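Mapping of the sequence shown onto this note's numbering: residues 2 to 346, in sequence order. Worksheet: one structure, shown below.
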Amino acid sequence: MNDTSIDRSGSARLARRMERGAAFLGSEVAIMAGAMSWVSERNLVAAMSNAGGFGVIACGAMTVELLDAEIAATKALTDKPFGVNLITMHPDLMALIEVCGKHQVGHVVLAGGLPPKGSLEAIKASGAKVICFAPTLALAKKLIRSGVDALVIEGMEAGGHIGPVSTSVLAQEILPAIANDVPVFIAGGIGRGEAIAGYLDMGAAGVQLGTRFVCATESIAHPKFKQAFIRASARDAVASVQIDPRLPVIPVRALKNAGGELFTAKQREVAQSLDEGAVAMAEAQLAIEHYWAGALRRAVIDGDVEHGSVMAGQSVGMVTKEEPIADILATLMAEAAQALEARAA
Ligand SMILES: Cc1cc2nc3c(=O)[nH]c(=O)nc-3n(C[C@H](O)[C@H](O)[C@H](O)COP(=O)(O)O)c2cc1C
Numbered sequence: 002m003n004d005t006s007i008d009r010s011g012s013a014r015l016a017r018r019m020e021r022g023a024a025f026l027g028s029e030v031a032i033m034a035g036a037m038s039w040v041s042e043r044n045l046v047a048a049m050s051n052a053g054g055f056g057v058i059a060c061g062a063m064t065v066e067l068l069d070a071e072i073a074a075t076k077a078l079t080d081k082p083f084g085v086n087l088i089t090m091h092p093d094l095m096a097l098i099e100v101c102g103k104h105q106v107g108h109v110v111l112a113g114g115l116p117p118k119g120s121l122e123a124i125k126a127s128g129a130k131v132i133c134f135a136p137t138l139a140l141a142k143k144l145i146r147s148g149v150d151a152l153v154i155e156g157m158e159a160g161g162h163i164g165p166v167s168t169s170v171l172a173q174e175i176l177p178a179i180a181n182d183v184p185v186f187i188a189g190g191i192g193r194g195e196a197i198a199g200y201l202d203m204g205a206a207g208v209q210l211g212t213r214f215v216c217a218t219e220s221i222a223h224p225k226f227k228q229a230f231i232r233a234s235a236r237d238a239v240a241s242v243q244i245d246p247r248l249p250v251i252p253v254r255a256l257k258n259a260g261g262e263l264f265t266a267k268q269r270e271v272a273q274s275l276d277e278g279a280v281a282m283a284e285a286q287l288a289i290e291h292y293w294a295g296a297l298r299r300a301v302i303d304g305d306v307e308h309g310s311v312m313a314g315q316s317v318g319m320v321t322k323e324e325p326i327a328d329i330l331a332t333l334m335a336e337a338a339q340a341l342e343a344r345a346a
């Protein structure tokens, strides 16, 4: 092929940069809609995959029977590939993997910590590809040695459970070292296509977005949950704060609300009870751990955006309206193509 036969348009450049990631996912474009508990169910997942992206079911705390039904229902809505996100701490993890195998799910995403013994092997034996989250370069290398097929790097700008490091720093540290070994998808804080183009240029195979897809028309999130997203700006999406080192708090990024303030008050109250010897350590820690139980469901499904957990990333300020997921995807792709074209000019 001589030089003049190469299509130098922005969209052709974008397609070339996404080729590896899209081939890995089996989708048209290398954009994943990251699993979001209660939000990423059959409707959003199927709509994302039908639009040419890659949807991922959030298993969360679902039972084996519920996941079985959810996968079957998603397959009824799309014949395109989609993935299933399983939380490694789920007590029935191996049975959930079996259900994915029964449905010949092509990609299983393991979230919430390092994969327990035997889980990678079980997923691969079912014929599915395994995607894991890599919080550091050392763990990324370890996961690759263990046989994962692809990695997601997620920075602290993201909605939901987060680590301490930003997406841009993780991408700079991890991509140059491993992007040739396995496809790497970048997540956290991506709201526009220009950022997608940037990470692809740095060697990413693709990206994963969550926050940007919550207000898709096809998302079943409660209208009040969507409205909270549309109203919010980046600085409203804050990480939960731990106020006492004795009481562990899992960092979660969510919109500021009364529930968050009461949580801080609760930590103070429990810490004081500990000081006074009124409660034992285990009991105190459990009180903190259980505080948010069911809170995401209350916000997403019931619309209690004041006391529920409105998990959202910092890109929430770039969510300005409810629109079909195909339109969101088209906008992101157009912005990315334009950015690549402008850079080349
Ligand atoms: C409401 C909400 C719920 C989420 N639930 C999960 C989950 O169950 N499992 C998971 O691996 N990630 C979860 N995430 C993270 C997303 O999959 C995705 O990686 C993240 O949203 C990407 O960053 P962004 O929000 O900046 O786009 C959740 C995110 C949000 C906003």
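No residue lacks a Cβ here, since even glycine has one placed at the ideal position from N, Cα and C. Computed from a predicted structure; not experimentally measured.
Q | Closer than 8 Å: R269 CB and nearest ligand 1 heavy atom | A | Here residue 269 is taken as the residue at index 268 of the sequence shown, counted from 1. Not under cutoff, so the answer is no.
Q) Straight-line CA distance for T64 to P116? A) As a working note, residue 64 is residue 63 in the sequence shown. As a working note, residue 116 is residue 115 in the sequence shown. Near 19 Å, if we compare the C-alpha coordinates of P116 and T64.
Q: Report back the beta-carbon spacing between V30 and M37 to the nearest angstrom; my notes put them in contact at under 8 Å.
A: Counting from one through the sequence shown, the residue named residue 30 turns up at place 29. Counting from one through the sequence shown, the residue named residue 37 turns up at place 36. 19 Å between Cβ atoms; not a contact.
**Q.** For N3, the three-state DSSP class (helix, strand or coil)
**A.** Residue 3 sits at position 2 when you count from the first residue of the sequence shown. Here N3 scores only 49 on pLDDT, less than 50, and its place in the model is too uncertain to base an answer on.
Q: Would you please state the rounded distance, in angstroms, between the beta carbons of K130 and G148? I believe it to be under 8 Å.
A: Residue 130 sits at position 129 when you count from the first residue of the sequence shown. Residue 148 sits at position 147 when you count from the first residue of the sequence shown. Contact doesn't hold; Cβ gap of about 10 Å is too wide.
Q. E158: beta carbon under 8 Å from a heavy atom of ligand 1?
A. Looking up residue 158 in the sequence shown gives position 157. Under cutoff, so the answer is yes.
Q. Secondary structure at G194, three-state DSSP: helix, strand or coil?
A. Reading the sequence shown from its first residue, position 193 is the one you call residue 194. For G194, the three-state secondary structure derived from DSSP is helix.
(Q) Does E341 pass the burial test, meaning 16 or more other C-beta atoms within 10 Å, or should it be called exposed? (A) Position 340 of the sequence shown, counted from the first residue, corresponds to residue 341. According to the sequence provided, residue 341 is Leu. The question's Glu does not apply to it. Its Cβ being crowded by 16 or more others within 10 Å, L341 is buried.
Q. Can we count V131 as close to ligand 1, meaning its CB is less than 8 Å from some heavy atom?
A. For the purposes of this step, residue 131 is taken as residue 130 along the sequence shown, with counting starting at 1. Not under cutoff, so the answer is no.
Q) Around the Cβ of H108, are there at least 16 other Cβ atoms within 10 angstroms (buried) or fewer (exposed)? A) Start at 1 with the first residue of the sequence shown, and residue 108 comes out as number 107. Result: buried.
(Q) Considering only their Cβ atoms, is the gap separating V153 from V185 smaller than 9 Å? (A) Translated into the one-based positions of the sequence shown, residue 185 becomes position 184. Translated into the one-based positions of the sequence shown, residue 153 becomes position 152. Yes, the Cβ-Cβ distance between V185 and V153 is below 9 Å.
Q: Tell me whether N258 counts as near ligand 1, meaning its Cβ is closer than 8 Å to at least one heavy atom of that ligand.
A: Within the sequence shown, residue 258 is the residue found at index 257, counting from 1. No; taking the cut-off as 8 Å, the Cβ of N258 has no heavy atom of ligand 1 nearer than that.
Q. Are the stretch 327-334 and the stretch 43-58 touching, with three or more C-beta to C-beta distances below 8 Å?
A. yes
Q) If you count every other CB in all the chains shown that lies within 10 Å of the CB of A294, and 16 or more means buried, which is it? A) Locating residue 294 in the sequence shown gives position 293, where the first residue counts as 1. Exposed.
Q: May I ask you to verify whether the stretch 137-145 touches the stretch 174-181, counting CB pairs closer than 8 Å and requiring at least 3?
A: yes
Q) Mind checking whether the beta-carbon of M63 lies closer than 8 Å to any heavy atom of ligand 1? A) As a position in the sequence shown, residue 63 is number 62, starting the count at 1. Answer for M63: no, Cβ out of range of ligand 1.
Q: Please determine if the stretch 264-272 and the stretch 315-328 are in contact, where contact requires at least 3 C-beta pairs separated by less than 8 Å.
A: no
Q: Reducing DSSP to helix, strand and coil, say where C60 ends up.
A: Walking along the sequence shown from the start, residue 60 turns up at place 59. Coil, per DSSP.
Q: Consult DSSP for I163 and reduce its assignment to one of helix, strand or coil.
A: As a working note, residue 163 is residue 162 in the sequence shown. In this structure, I163 counts as coil in the three-state DSSP scheme.
Q. If you draw a straight line from the alpha carbon of G199 to that of I187, how long is it in whole angstroms?
A. Stepping through the sequence shown from its first residue, residue 199 is reached at position 198. Stepping through the sequence shown from its first residue, residue 187 is reached at position 186. Each residue's Cα considered, the two are about 11 Å apart.
Q. If you draw a straight line from the alpha carbon of S12 to that of E290, how long is it in whole angstroms?
A. For the purposes of this step, residue 12 is taken as the residue at position 11 of the sequence shown. For the purposes of this step, residue 290 is taken as the residue at position 289 of the sequence shown. Looking at the two C-alpha atoms, the distance is approximately 47 Å.
Q) Are the CB atoms of G314 and A238 nearer to each other than 9 Å? A) In the sequence shown, residue 314 corresponds to position 313, counting from 1. In the sequence shown, residue 238 corresponds to position 237, counting from 1. Closer than 9 Å, so yes.
Q.
Let me check you understand the geometry: is the CB of I98 closer than 8 Å to at least one non-hydrogen atom of ligand 1?
A. As a first step, residue 98 must be located in the sequence shown, where it is residue number 97. Result no, Cβ not under 8 Å from ligand 1.
**Q.** For L171, three-class secondary structure by DSSP
**A.** As a first step, residue 171 must be located in the sequence shown, where it is residue number 170. Correct three-state label for L171: helix.
Q. If you measure from the CB of T212, is any heavy atom of ligand 1 nearer than 8 Å?
A. Mapped onto the sequence shown, residue 212 falls at position 211. A heavy atom of ligand 1 is found nearer than 8 Å to the CB of T212.
Q.
With a threshold of 8 Å on Cβ separation, who are the neighbours of M282 within its own chain once the five nearest residues in sequence on each side are excluded?
A. Within the sequence shown, residue 282 is the residue found at index 281, counting from 1. Taken in chain order, the residues that qualify are R247 and L275.
Q | Same chain, Cβ closer than 6 Å to L68, neighbours up to 5 away in sequence not counted | A | Reading the sequence shown from its first residue, position 67 is the one you call residue 68. The answer, listed in chain order, is C60, L97 and V100.
Q. Do S310 and L297 come within 9 Å of each other at the CB atom, strictly closer than that value?
A. Along the sequence shown, one-based indexing puts residue 297 at 296. Along the sequence shown, one-based indexing puts residue 310 at 309. A contact, by the Cβ cut-off of 9 Å.
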